[in-house]
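For reference, the structure discussed in these notes is given below.
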Amino acid sequence: MPELPEVETVRRTLAPAVGGRISSVWTSGMGLHMARKPPRGKLRKLVGAQITAVRRHGKYLLLDTDHDAAILVHLGMTGRLRIHGQADPRATHTHVVLGLGPRELRFVDARRFGQVDVVARGQERAHPGLAVLGPDALDEAIDVAALLATAKDKRTTLKAFVLDQGVIAGVGNIYASEALWRARLRPTLRTHKLTAPAAQRLAAAIREVLERALDNGGTTLSDFVDADGTAGENADYLWVYDRAGHPCPRCQATIKRTVLQGRATYYCPTCQTA
Ligand SMILES: [Zn+2]
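All you need for the numbering used here is the position in the sequence shown, starting with 1, plus 1088.
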């Protein structure tokens, strides 16, 4: 599932679409996340609009236009947003195609957990997906005092806390395990026991793992590719995620896998303290 570094990688590789004018719109008519269909009528009203910027908040992409609307895209589990030549054959599971003169921006999503929507400019944060998001994990410095105060209130596990998009937007399952390992914190630790130095380490670790993944073009475990179709290389650099039975890169103890709230969680039983 694409997380923040993968979505940011897609955002950066969409740069050639900026300045393009939407010349046509096609949708498959099939429902995506929660059976919601991309709004064909609203999208068609954007024919003639120029794409002025591609922004990101958490795992949402926003394609700004010079009309009063932006196109919101969430990749879900298997969504891909790629630039193609008009003559390139369309992949199966193509659900939205925006013509950009000789090129096309295509949204392909095999499992259909993604989203494509149109939001009014300036009203993006009112969209139900964006309204619940906390500060972006990469764009804004994490406020450690606020993080610690929220942790005291939540009384959940650190793993669930880091995954909570209302606390910090953009950290998913892979980078939650990675950041907790980097910060030497046990995923099962209760948040109200988080100390100020540990919160400081956690904030720094979250930023570090996301920036590292971004430098490597994102993590491709099964099918993530950027807007040019290139797979990320960060899977080769993961410290603990998907590494059960391997030695911990820090202390050589054997990495363990457990399941927390239905999600695979990886940690070192020796150097990540409880
Ligand atoms: Zn270790």
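C-beta atoms are modelled at their ideal positions from N, C-alpha and C, and glycine is treated no differently. Keep in mind the model is a prediction, meaning the values are calculated, not measured.
When the Cα atoms are used, what is the spatial distance from residue i to residue j?
i: threonine 1146; j: threonine 1358; result: The identity of residue 1146 in the sequence shown is glycine, whereas the question assumes threonine. If you take the alpha carbons of glycine 1146 and threonine 1358, they lie about 32 Å apart.
i: leucine 1134; j: methionine 1089; result: 29 Å
i: arginine 1270; j: glycine 1333; result: 18 Å
i: isoleucine 1388; j: valine 1328; result: Here the chain has residues from 1089 to 1362 only, and residue 1388 is not among them.
i: proline 1177; j: glutamate 1192; result: 11 Å
i: glycine 1317; j: isoleucine 1139; result: 21 Å
i: lysine 1240; j: threonine 1279; result: 6 Å
i: threonine 1346; j: threonine 1245; result: 13 Å
i: arginine 1128; j: leucine 1268; result: 42 Å
i: leucine 1302; j: glutamate 1094; result: 7 Å
i: glutamate 1212; j: leucine 1348; result: 32 Å
i: leucine 1282; j: threonine 1307; result: 29 Å
Identify the continuous beta strand (DSSP E) that holds residue i and give its terminal residues.
i: valine 1095; result: Here valine 1095 belongs to no beta strand (DSSP E); instead the alpha helix (DSSP H) covers 1092-1101.
i: leucine 1169; result: 1167-1173
i: phenylalanine 1249; result: Here phenylalanine 1249 belongs to no beta strand (DSSP E); instead the alpha helix (DSSP H) covers 1246-1251.
Hey, out of the options, whose CA is closest to residue i's CA?
i: valine 1204; options: Pro1335, Ala1264 and Gly1117; result: Gly1117
i: glutamate 1228; options: Pro1190, Glu1266, Ala1137 and Arg1144; result: Arg1144
i: arginine 1289; options: Thr1153, Thr1182 and Ile1230; result: Ile1230
i: valine 1161; options: Lys1242, Gly1306, Gly1119 and Val1206; result: Val1206
i: threonine 1342; options: Glu1094, Leu1348, Gly1260 and Asp1330; result: Asp1330
Is it buried or exposed for residue i, if we count other Cβ within 10 angstroms and need 16 for buried?
i: proline 1126; result: buried
i: valine 1255; result: buried
i: threonine 1353; result: buried
i: arginine 1124; result: exposed
i: arginine 1243; result: exposed
Following the continuous alpha helix (DSSP H) through residue i, name the residue where it begins and the one where it ends.
i: isoleucine 1262; result: 1261-1270
i: lysine 1242; result: 1232-1242
i: glycine 1187; result: Not the alpha helix (DSSP H): glycine 1187 falls in the beta strand (DSSP E), residues 1182-1188.
i: aspartate 1303; result: 1284-1303
For this session: Would you check if there are 3 or more beta carbon pairs closer than 8 Å linking the segment 1096-1116 to the segment 1184-1192?
Result: yes
Exercise. Do the segment 1191-1200 and the segment 1157-1174 make contact, defined as three or more Cβ pairs closer than 8 Å?
Worked result: yes
Problem set entry | the segment 1217-1227 touching the segment 1309-1323, judged by at least three CB pairs closer than 8 Å | no
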